[in-house]
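Just so you know, we're using the working numbering here: the sequence shown kicks off at 6 and counts up by one. See below for the structure under consideration.
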Amino acid sequence: MSATAIILTIAAYIALLFIVAHLSARHSDNRTFFTGGRNTHRIVAAIAMVGAAMSGVTYISVPGSVLTDHFSYLQTTLGFFVGYLIIAFVLVPLYYRLGVVSLYEYLDRRFGIAAHRTGAWFFVISKLLSASLRAYVVCIVLQSLLFDRYDIPFEVNAFVMMSLVGLYTWRGGVKTVVWTEMLKTILMVGSIVICIVFIISNLDMSFGDAMGAIANHDYSETLFLDDPMDGRYFWKQFLAGIFLVVAMTGLDQDMMQTALSCRNVKESQRGLLLSIVVQMFVILLFLALGVLFYIYLSSRGIVPSADGGFPLIDASGEAVVVRGDDLFGYVTTEAGLPLMAGIIFLLGLVASTYSSAGSALTALTTSFTLDILRGRKTWSEVKIARTRRMAHLLIAATMMLIIITFGKWSSMGVITLVFTMASYTYGPLLGMFTFGLTTKRRVRGWAIPTLAVAAPTLCYVLASHSEEWLAGYSFSYEILIVNAAIMFVGMWIFSRRNVA
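Next comes the structure, spelled out in structure tokens:
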């Protein structure tokens, strides 16, 4: 794929992104930045939430993961569906009833300022790391496809990305995020469908034949019910899916800002339920595309080695070994598919990552301004606007530095790293919210931040030694449940009955 094609594709998308941002940011103020004006239609919110749930990590990692994990991700997705029901019918009514802008205002009302700031800090740290990791994924792809051709260092790549993300979310905030997430969903799903069509055509198959080949392929195995020690075991994946989506969506300012931009509770609930149904279908498309990649490579005599790598030849004629997260990009740009396949891949990747980074930047700005700096009730509108703009710049710069730091690491298995990281950072949040919603006890103020640090620390020690201590058992994402449980029990120990 030529540098000219890459530059024109990225430039076209960025131009479209800024047009959407400009139109959505007209007449914006602090209220529209933080809440989107609370007038988003449920259909728009549902489509936007599909995009919000799927970043460049999903786009890159899920198709390549079928080699080792097969279709086991669908087990986690079934858990997501149950989790969305909990979010829609437990958390959303709570948020609307309290009229919160930041989700962590609930912790202030329930436990006090120490809990409020603890929850906000855990969100900020977790989202900074996960959003930067997601942005890093597209940076390494663009580095290999474009920046390396001109000997431009990775640091410039990261600076360009975060500068553009910061500019397009500068004024509109949530209102801009909703519409750009909707654009991202359309482009990302469209790119997957078009790539599937290209591969089926190249394989000279009918659509029915291709679906049959996918269904009968070894990699399409979905249910893993035999070995509880296997990380793909059904109940591990299913239960982890429930708790992951409650924590990473229902307790995440980034993910919920779109749902809470709807007019009322019912609109938000309908949008959430429609969104998860569409998400499940889209994830199935990702997995199907992954199987088609392997079928396509096999048809060209390219089979994975013992370590899961594929020997390919890049555009310069040099031999390269492609694994997991790199597979989508190399197959569509270097493995004999038409130029349009590479353009479609790049468009979907850039759309998914820029939008995710913008959404995260807006949520982080909201939480940092309202939760940590406490800039809402006593500040003037002018002071709030000035503070959120400074926070916006600071967070964008921090994300850029984290991306550069990630540049020293490998990108392999990024989606696993994202979920694993979330299992540790969202556990205390899940424990706090669960305790608050299911009990009426009051917790000593000093205990909450202490427990929030202790719970993930203990979980890390347990997960590191589980095979030795628990007869070979290896923790996967379900460590989140243990994390939240330790937080819950600790809060109970250091609590008393609410006599009010």
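Using N, Cα and C, we set each Cβ at its ideal position, and we do this for glycine too.
Bounding residues of the alpha helix (DSSP H) (the contiguous stretch that carries residue i)
i, result
"W3", "Because the chain spans 6 through 505 in this model, residue 3 falls outside it and cannot be assessed."
"P98", "V97 to L103"
"H470", "A452 to W474"
"V336", "L332 to E339"
"G84", "Y78 to I91"
"I389", "E386 to F411"
"A252", "No alpha helix (DSSP H) contains A252, which DSSP labels as neither H nor E."
"G213", "F212 to N221"
"E160", "F159 to Y173"
Residue i vs residue j beta-carbon contact at 7 Å
i, j, result
"Y100", "L265", "yes"
"L352", "T14", "yes"
"F164", "M395", "no"
"G347", "T338", "yes"
"A57", "L277", "no"
"L467", "I491", "no"
"K11", "L151", "Per the sequence presented here, residue 11 reads as Ile, with Lys not at that position. Yes, Cβ-Cβ distance for I11 and L151 is below 7 Å."
"P454", "A8", "no"
"L354", "V182", "no"
"F76", "S303", "no"
"Y173", "A26", "yes"
"T439", "F499", "no"
"T81", "C267", "no"
"G84", "G341", "no"
Residue from the options with nearest C-alpha to residue i
i, options, result
"T123", "L249, Y109, R114 and L134", "Y109"
"K180", "A136, V49 and T81", "V49"
"L475", "V287, Q258, Y335 and P233", "P233"
"S364", "Y18, L151, W175 and I24", "W175"
"T263", "V387, I300, M216 and S361", "S361"
"S460", "G432, F86 and S357", "The sequence given here has Ala at residue 460, not Ser. With distances taken between Cα atoms, A460 lies closest to G432."
"Q148", "G334, L398, A401 and V251", "G334"
"I281", "R502, G295 and L90", "L90"
"Q274", "T439, V95 and S225", "V95"
"G69", "G295, I389, G436 and G441", "G295"
"L434", "F411, G412, T425 and V458", "V458"
"V87", "G306, H397, L244 and M437", "L244"
"I400", "S131, T81, I19 and A16", "S131"
"A368", "T254, W451 and V336", "T254"
"Q242", "M166, P158, S428 and I19", "S428"
"H373", "G436, F128 and M166", "For clarity, residue 373 is Phe in the given sequence; the question names His instead. Looking at the Cα atoms, F128 is the closest of the given residues."
Bridge partners - residue i, DSSP secondary structure assignment
i, result
"R501", "R447"
"T45", "C267"
Span separating the alpha-carbon of residue i from that of residue j
i, j, result
"I408", "G495", "35 Å"
"W184", "F248", "28 Å"
"S416", "I145", "No answer about S416 holds up, because its pLDDT of 45 lies below 50 and its placement is not dependable."
"V105", "Y111", "7 Å"
"V67", "A293", "10 Å"
"F229", "M260", "30 Å"
"I235", "D74", "One detail in the question is off: residue 235 reads as Asp in this sequence, not Ile. D235 and D74: Cα-Cα distance of roughly 11 Å."
"A505", "K445", "Low confidence applies here, because A505 scores a pLDDT of 49, under 50, leaving its location unreliable; read the following figure in that light. Rounded to the nearest angstrom, the two C-alpha atoms are 10 Å apart."
"A51", "E473", "45 Å"
"R449", "D376", "20 Å"
"R102", "F116", "18 Å"
"D214", "L72", "21 Å"
"L485", "I349", "36 Å"
"S137", "L28", "27 Å"
"I65", "L192", "15 Å"
"F212", "H121", "53 Å"
"S135", "T370", "15 Å"
"V387", "H397", "15 Å"
"M167", "A402", "7 Å"
Minimum Cβ-Cβ distance from residue i to chain C less than 7 Å
i, result
"G347", "Although the question refers to chain C, the structure presented lacks it and comprises just one protein chain."
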